[in-house]
Each structure stands twice: as C-alpha cells, then as structure tokens.
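To start, the structure under review is shown below, and the notes come after it.
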Amino acid sequence: MLRIAPGTRHRISVTVNGRPHAGFAEARTLLSDFLRHELKLFGTHVGCEHGVCGACTVNIDGRAVRSCLRFAVQVDGAEIRTVEGLAEGGALSPLQEAFRRRHALQCGFCTAGILISATQFLETSPNPTEAEVRDMLSGHICRCTGYEGMVRAILDVAGETP
Amino acid sequence: MKPAPFEYCRADTLDEALDLAAEFGADASVLAGGMSLGPMLNMRLARPAALIDINPVEALAGIRESEDALETGALCRQADALGSGLIGGFAPLLAEALPFVGHFQTRNRGTLGGSVCHADPSAEIPLALLTLGGGIVLRRKGRARTVPAEAFFEGIFATAREPEEIVTALRWPRGGARIGHAFAEIAQRHGDFAIAAVAATVALRPGGDIAALSLGLGGVEDRPRLADLSGLAGAPATPATAAEAAAFAADRADPIEDPKASAAYRRQLVRVLGARVLERAMERAAAPSC
Chain A
48 MLRIAPGTRH
58 RISVTVNGRP
68 HAGFAEARTL
78 LSDFLRHELK
88 LFGTHVGCEH
98 GVCGACTVNI
108 DGRAVRSCLR
118 FAVQVDGAEI
128 RTVEGLAEGG
138 ALSPLQEAFR
148 RRHALQCGFC
158 TAGILISATQ
168 FLETSPNPTE
178 AEVRDMLSGH
188 ICRCTGYEGM
198 VRAILDVAGE
208 TP
Chain B
128 MKPAPFEYCR
138 ADTLDEALDL
148 AAEFGADASV
158 LAGGMSLGPM
168 LNMRLARPAA
178 LIDINPVEAL
188 AGIRESEDAL
198 ETGALCRQAD
208 ALGSGLIGGF
218 APLLAEALPF
228 VGHFQTRNRG
238 TLGGSVCHAD
248 PSAEIPLALL
258 TLGGGIVLRR
268 KGRARTVPAE
278 AFFEGIFATA
288 REPEEIVTAL
298 RWPRGGARIG
308 HAFAEIAQRH
318 GDFAIAAVAA
328 TVALRPGGDI
338 AALSLGLGGV
348 EDRPRLADLS
358 GLAGAPATPA
368 TAAEAAAFAA
378 DRADPIEDPK
388 ASAAYRRQLV
398 RVLGARVLER
408 AMERAAAPSC
C-alpha cells in the first residue's frame, strides 16, 4: 500500500522515450502537467483536461491513453512514449513523414496526440480499413485542418508496412 | 481544471482496497480507469478526501468462466473486453455495444466495472448488463453479495453500492440456443453520450415463436430500464411483433428532456431503434448458431 497525503510531493521515476526521468508530483498532479512542468517535455499538449479532445494522448506501457486522466503518482516505474520519441536520429518516423506529405496538420496543436494514437493503432491493426482509421480518429479533435489528410497519411503508412 | 487536493491511496491487494474502503467510506472515491472520475475530479464536480487506486489489484483483472456465467473482473479494460473471444461468445450483446463506448484511446484504459459503478444513464455497458440479466459482485470486509443489475441502478450516478463496498466483478449469464441479441444507439457524434441506446435479446421456442424477449433502454430515463414485454411471449417472431413491442415500450417510457433532445424525440427513437434491434435479434435467434 502507498499513501500520499494531500499537499505533499512524491518522487516519481519513469522511462520516457527510452530514457530515465525523475521528478516530484503531488497526488493530484496530472501526468500531462508532470510531463510538461516537471520533466520539461513540452511536446505533449494540454487541451480540454477532461479526456475529450485527445491532445494530451501519450503511450503508457504500450497503450495510447489520455495523460490528463492519469495522475503522475500512478505512472511511477512506467514506460511512456511521447511525440518527442517518434523521430529517431533526427529522421521523422514514417507516420510523421506521411503527415507532412499529406498536409495532415496545420497549427499542430492536436498533432502530438494523434501521432501517438495512430502509432499504437497501426501496431495493433497494421492493415486497417478507412472506416477503422476514422473510428480511431474520433477520439481526437482537430479544429483547423480537418481529418482527410490524416486519414490519407495513416492509410499510406498502413500500405507501406513491410 | 485541476483536481482539489486529496489523499492518494494505492491498494496493492483486494484486502488493502477493502480496508481503505472501510476506513474512508463515503469520503473516498474508488479509482479504476478514471475515464469518468478523472473529468469529474478535474472539473471539481467530485471532491473526495481520498482516492483508492485499485489498478494494481491483480485479483480484479481478468475474465473467468464458470458453469452458468462469465465473470469479468472490475478492472477488465474495455479494449481487452472488445478483443476477447470469450466475451464475443458469451455476451455478444456486450461485444456489439463496446465499440460505442468512448473511443479507442479511452477504451484502452476505461474498465467495465468503472462504467457500471459510475452509472451514467446513457452508458452502454450498464445497459448491456441489465438487458442480459447480469449481476454486480460487491465486496466489503468479510462479506460479498451479488446484486442483479435490475436492482443496482437507482438513478443518475446512483447505485445500490454501499460506500464501504467495492465492485469486484460483473456476472454475464450464459445464454442458450435460439437466443439472439442486437444493439443500436444514436449520439451526436460516434463515441459521444447516447441520446438513446437500445439493446434487445430474443429467445425463440423450437417452433420459432417467441419464448421471451427483452428490450433495454439507455439514455432515455434516469437509469437504464428494461421494458416489460412479458405479454408478447408466444407471439410470432415477425417484424410486426418487433414494431408492436417497441411501440409498447415507447408508450410506457418516461423520457428525460435535455438540451440535446426532447422527450418526444427520445420516445420516437425507442420506437424506431427498438423495432430495428428486436427484428435483428429475432433474425439472429432464428439463424443456426455456429
């Protein structure tokens, strides 16, 4: 059992994008805020803070989930992947490359979460139908570009899967 | 949009969780997936003194098959339920309803037990459990009980769970031959809260007439409701019977009214969607099972 009194700060150790990180969080600190304010990883965006918009989606232990609906104290010891971990050695991931090619982003606010969702989605469903892609995207809100480019980009990458 | 301060209590075993529930009673909220509790905390609609995080409790995860029912642990994630062949075979109605529960990203974390405890009147999982005649397994220190779904849901976000109790599992009764199910809902966008959701089960006699049928309504009243269609036993399994049953349910429903939809619109949805799912359930019950 672990008990953390209100107002006290608790040390959290996590692996983010393959690297160990540590910081302090109150019981009520959201993971989204912990990533940004404590670990200074600003790639994860904070939108609605009630699980609707999808901007803050990160991958925890293999699953794309809302970081605004998880407390930092819950992820002690977890493996987290954020948008900063998608490009390797300065090269965009195939999905990021497809997003650029297909004009799947404009302001970029929703993009970090969508890339994380789509990356896990393609790991679990390597050959999705367009309807399945749209269903997955229903968990994200984009207010400028629209979803057509994203659908095309994700289907491009699905088709390329070796 | 940040939660008010609370004490965080992480239970590593079921006994620890029950001890904490006994200690805090109504002052604590139980944290499962957090897909509903999280928003309520962030918006400060809920301000519990303590959170009891049950996520590490392995005894609450997983799916077990018994002679007469399938038991899904309270922490069974909606995404895992959706991918489970056991649930597909045992409770095809739940399998059909799950894609309507939130989104890919929330089903990855959201649980079956959490949705039932939260008791949103428009939620799909409580509706499926009610329509299938399932039950909720509750435990407190030294005592366990199973409450039928029909007695569990008491109103908006209100259930028969006592503050010192934790939902440990849901029981989905085993179906039989010649039983068909179907589910449908209308929401503003896919994944939104249902304006109205309907779930049907139909059991046929060997001759093809109706042995029993049930129509569950979600999002229509302050809790998921079963329409009393017992008068239709023995009727022929035809589209006319489906339409008659749905009209009967619609006439007797007492629909809520909110900014999304009027009571009259909800009643109409029960009539139209109800007939549709009953007809589909009849067809499935008549089809040879594979």
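Residue numbers (my numbering), protein chains in the order written: chain A, 48 to 209; chain B, 128 to 417.
Just so it is clear, CB atoms sit at the ideal spot from N, CA and C, and this is done for glycine as well.
Given the structure is predicted, the values throughout are model-derived calculations rather than measurements.
I'd like to know whether the C-beta of residue i is nearer than 8 Å to at least one C-beta of chain B.
i	result
A/Ser-185	yes
A/Ala-159	no
A/Thr-104	yes
A/Val-198	no
A/Ala-111	yes
A/Phe-71	no
A/Phe-168	yes
A/Glu-195	no
A/Pro-209	Any answer about A/Pro-209 is weak, because its pLDDT of 49 lies below 50 and its placement is not dependable; what the coordinates show is given next. Chain B, which has no Cβ nearer than 8 Å to the Cβ of A/Pro-209, makes this no.
In chain A, which residues lie less than 9 Å from residue i when you measure between Cβ atoms?
i	result
B/His-317	Arg-181, Asp-182 and Ser-185
B/Lys-129	Arg-75, Thr-76, Leu-77, Asp-80 and Glu-96
B/Gly-161	Gly-98, Arg-113, Leu-116, Arg-117, Phe-118 and Gln-121
Look at the alpha carbon of residue i and the alpha carbon of residue j, and state the distance between them as a whole number of angstroms.
i	j	result
B/Ala-73	B/Gly-261	This structure cannot speak to residue 73 of chain B, because chain B is shown only from 128 to 417.
B/Phe-133	A/Ala-72	13 Å
B/Leu-225	B/Phe-310	10 Å
A/Pro-209	A/Pro-141	Any reading at A/Pro-209 needs caution, since the residue's pLDDT is 49, under 50, leaving its predicted position unreliable; the model's value is listed next. When rounded, the distance between both Cα atoms is 12 Å.
B/Asp-381	B/Thr-140	43 Å
A/Ile-51	A/His-57	7 Å
B/Ala-388	B/Leu-344	15 Å
B/Leu-257	B/Ser-341	10 Å
B/Leu-187	A/Arg-147	43 Å
A/Gly-65	A/Arg-128	8 Å
B/Ala-144	B/Ala-138	5 Å
B/Phe-280	A/Gly-206	46 Å
A/Leu-88	A/Asp-123	17 Å
B/Ala-369	B/Ser-357	13 Å
B/Leu-209	B/Glu-291	30 Å
A/Glu-179	B/Lys-129	33 Å
B/Leu-331	B/Pro-363	9 Å
B/Val-399	B/Ala-324	11 Å
B/Arg-305	B/Glu-198	22 Å
I need the boundaries of the beta strand (DSSP E) containing residue i, first residue and last residue.
i	result
B/Ala-364	Where B/Ala-364 is concerned, there is no enclosing beta strand (DSSP E), given that its DSSP letter is neither H nor E.
B/Ser-156	155-158
B/Glu-312	306-314
A/Ser-60	57-63
B/Thr-273	270-275
A/Asn-106	104-107
B/Ala-321	321-331
A/Thr-188	The amino acid at residue 188 of chain A is misidentified as Thr; the sequence shows Ile. No beta strand (DSSP E) contains A/Ile-188, which DSSP labels as neither H nor E.
B/Asp-180	177-180
B/Leu-340	337-345
B/Glu-281	280-282
Just to make sure I have the definition right: I need the residues of chain A whose C-beta is within less than 7 Å of the C-beta of residue i. Which are they?
i	result
B/Phe-84	Summary: the structure shown does not reach residue 84 of chain B, with chain B confined to residues 128 through 417, and so no result is reported for it.
B/Arg-137	Met-48 and Leu-49
For residue i, go through chain B and note every residue whose CB falls closer than 8 Å to its CB, in chain order.
i	result
A/Gly-101	His-230 and Gln-232
A/Ser-164	Phe-231 and Gln-232
Any Cβ of chain A within less than 8 Å of the Cβ of residue i?
i	result
B/Arg-236	yes
B/Cys-417	Low per-residue confidence applies at B/Cys-417: pLDDT is 46, beneath 50, and the placement is therefore not dependable, though the value from the model is reported in the following sentence. With 8 Å as the cut-off, B/Cys-417 does not count as an interface residue toward chain A.
B/Asp-154	no
B/Asp-180	yes
B/Glu-143	yes
Output, in chain order, the set of chain B residues within a Cβ distance shorter than 9 Å of residue i.
i	result
A/Cys-115	Met-128, Gly-165, Pro-166 and Asn-169
First and last residue of the alpha helix (DSSP H) that includes residue i?
i	result
A/Val-198	195-207
B/Cys-244	239-245
B/Asp-146	141-151
B/Glu-223	219-224
B/Arg-411	390-413
Given that residue i touches chain B, what residues does it touch there, using C-beta distances under 7 Å?
i	result
A/Arg-56	Within 7 Å Cβ-Cβ: nothing; A/Arg-56 doesn't reach chain B, min ~12 Å.
Compare the beta carbon distance of residue i and residue j with 8 Å and say whether it is the shorter of the two.
i	j	result
B/Leu-254	B/Ala-326	yes
B/Ala-201	B/Thr-295	yes
A/Ser-114	A/Leu-82	yes
B/Ala-148	B/Ile-293	yes
B/Ile-190	B/Leu-213	yes
B/Ala-196	B/Pro-366	no
A/Leu-162	A/Leu-133	yes
B/Glu-251	B/Leu-353	no
B/Ala-246	B/Ala-285	yes
B/Ala-321	B/Ser-249	yes
Regarding residue i and the ligand ADP, is the C-beta to nearest heavy atom distance less than 7 Å?
i	result
B/Ala-276	No copy of the ligand ADP occurs in the structure displayed, which carries no ligand at all.
Taking Cβ positions only, does residue i come closer than 8 Å to chain E?
i	result
A/Val-122	Among the protein chains of the structure shown, namely A and B, there is no chain E.
Which residues of chain A have a Cβ atom closer than 8 Å to the Cβ of residue i, listed in chain order?
i	result
B/Gly-343	Within 8 Å Cβ-Cβ: nothing; B/Gly-343 doesn't reach chain A, min ~24 Å.
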